[in-house]
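Reviewing the structure listed below.
This is the structure in structure tokens:
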């Protein structure tokens, strides 16, 4: 661009560039401010509630972690600002230039060192963990499972599948994927729970697909049957949401298996969504890591790999969700698992030791007065994280809540941007409230120091 096009010190090209890039910079700045403010709000709420409950450890820890979060985040963002490509503005640069330097060079240097150290740690962890798992993971789990495949060896697995408003064919495929896997059918019991006590069209379609005549006028609230050699219990409960449906389902399970924990601890509960397609080896791989491995027989809970079904509709939105799921699990959860334990056990694919779930049953399902948005976000929007937090506080040691990369499934993706926004808003609010409580728990810092340090660094560099 020639000199005649310059307006002051800015050329026409630079003005056009900033008109476009400036919008992106403002959007990024807004996201940074929103995340920082939201997580700070969570820390403040934890502090106030701990103060009211006279829990001094949580009260002071929340205040200290919030200060550390703010200080390191300011350093990190300072380093990021020094890299912003704005014409004629080198105010954050340590190199001399004709522009005025707004910030002292030693502050910029310190910010860059802090940012580099944080990012270096986050990049180093996956490499070290991958190398470690390469040499410690069994080469062929299926052969080892087949070698001990006897009726007396395999524990019983209860599969809990809540149903809301799925398509009948998708629901039936999900049930068949659990039945037709590698795990012995005589050791499976599937609980299908409807969050609606009416005999809806979906209910009739389901029992018809399971071989029950669906032209009657009355069906019992709890229907027990066998389908392809697997025991299935279909229940209808009054509408009350996810937690109430889970609670009533576990009340039913307790009535059937209440004496089981007294005889043996080899009873597991697998949570799956009603639109899940399980890999044939998923249940067997879960049980192998939870119970059958000689060096690992006291695991409390595990989650697996959830990816998106893209066979019929490989849209850009579905592809983005699939990439996000794979990255979040093979990087995020794998690291968390290696340094202490997974911080969230998603209801879409999680297996629990039955006795471990009973240990937190009363507190998890307790009726709570929701007095503000923070309470609602923690126990209703982020109930998976809340349950995981309860399990971690009761675990005897780290690494009892893990990630099983061999247990895989596929789920139906969100196909509309509007629904995706609603889903992520719910996830984000649940994350914020539980993250503040998680990082403010002094007992967890003692039990899982590396895990909480990793989570804190992730929050600092977020955005």
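Residue numbers (my numbering): 17 to 479.
C-beta atoms are modelled at their ideal positions from N, C-alpha and C, and glycine is treated no differently.
- For the 7 Å CB-CB criterion, residue 176 and residue 287 form a contact.
- With a cutoff of 7 Å on beta-carbon distance, residue 324 and residue 305 are scored as not near each other.
- Taking the Cα positions, residue 137 is about 14 Å away from residue 128.
- Considering only 239, 465, 225, 220, the residue with the shortest C-alpha distance to residue 231 is 220.
- Counting of Cβ neighbours within 10 angstroms places residue 85 among the buried residues, the total reaching 16 or more.
- Taking a contact to require three or more Cβ pairs closer than 8 Å, the region 275–291 and the region 364–381 qualify as touching.
- When DSSP states are grouped into helix, strand and coil, residue 94 belongs to the helix group.
- Note on the region 388–471: whole beta strand (DSSP E) runs with a minimum of 3 residues are 417–427, in chain order.
- Here residue 61 is near residue 390, since their CB atoms are less than 7 Å apart.
- Under the Cβ criterion (8 Å, minimum of three pairs), the region 419–435 does not count as touching the region 381–390.
- A residue is called buried when at least 16 other Cβ atoms come within 10 angstroms of its Cβ; residue 185 does not meet this threshold and is exposed.
- Comparing alpha carbon positions, the residue from 447, 357, 270 closest to residue 468 is 357.
- Out of 266, 415, 321, 208, the CA that lies nearest to the CA of residue 371 is found in 266.
- DSSP places residue 309 outside both helix and strand once states are collapsed to three, so it counts as coil.
- Under DSSP, residue 249 shares a beta bridge with 207, 240.
- When the five nearest sequence neighbours on each side are left out, the beta carbons in the same chain lying within less than 8 Å of the beta carbon of residue 456 are those of 59, 62, 63, 66, 74, 77, 78, 81, in order along the chain.
- With respect to residue 411, residue 316 sits close: the two C-beta atoms are nearer than 7 Å.
- By a beta-carbon distance limit of 8 Å, residue 44 does not contact residue 91. Their separation comes to about 18 Å.
- In the structure shown, the three-state DSSP call for residue 174 is strand.
- Taking a 10 Å sphere around the C-beta of residue 405, we find 16 or more other C-beta atoms and assign the residue as buried.
- When rounded, the separation of the alpha-carbon atoms in residue 248 and residue 459 is 41 Å.
- Assignment of residue 261 by DSSP, reduced to helix, strand and coil, places it in the helix class.
- Relative to residue 202, the option among 244, 37, 314 whose CA is nearest is 244.
- Taking each of 353, 363, 436, 416 in turn and checking the Cα distance to residue 396, the smallest one comes out for 363.
- Shown here, residue 298 sits in a helix according to DSSP, grouped into three states.
- Residues of the same chain with a CB within less than 6 Å of the CB of residue 200, apart from the 5 flanking positions on each side, are 170 in chain order.
- Shown here, residue 365 sits in a strand according to DSSP, grouped into three states.
- A residue is called buried once 16 or more other Cβ atoms fall within 10 Å of its Cβ, and residue 336, having fewer, is exposed.
- If you look at residue 285, you'll find it in the beta strand (DSSP E) that goes 283–288.
- One Cα belongs to residue 29, the other to residue 47, and the distance between them is close to 27 Å.
- Counted as a single uninterrupted DSSP element, the alpha helix (DSSP H) harbouring residue 68 occupies residues 28–68.
- About 5 Å separates the Cβ atoms of residue 238 and residue 251, confirming a contact at the 8 Å cut-off.
- Here residue 204 has 173, 246 as same chain residues with Cβ atoms under 6 Å from its own Cβ, once five neighbours each way along the sequence are excluded.
- Going by DSSP, residue 322 is part of the beta strand (DSSP E) stretching over 317–324.
- Bridge partners of residue 292 according to DSSP: 427.
- In the displayed model, residue 74 falls within a helix according to three-state DSSP.
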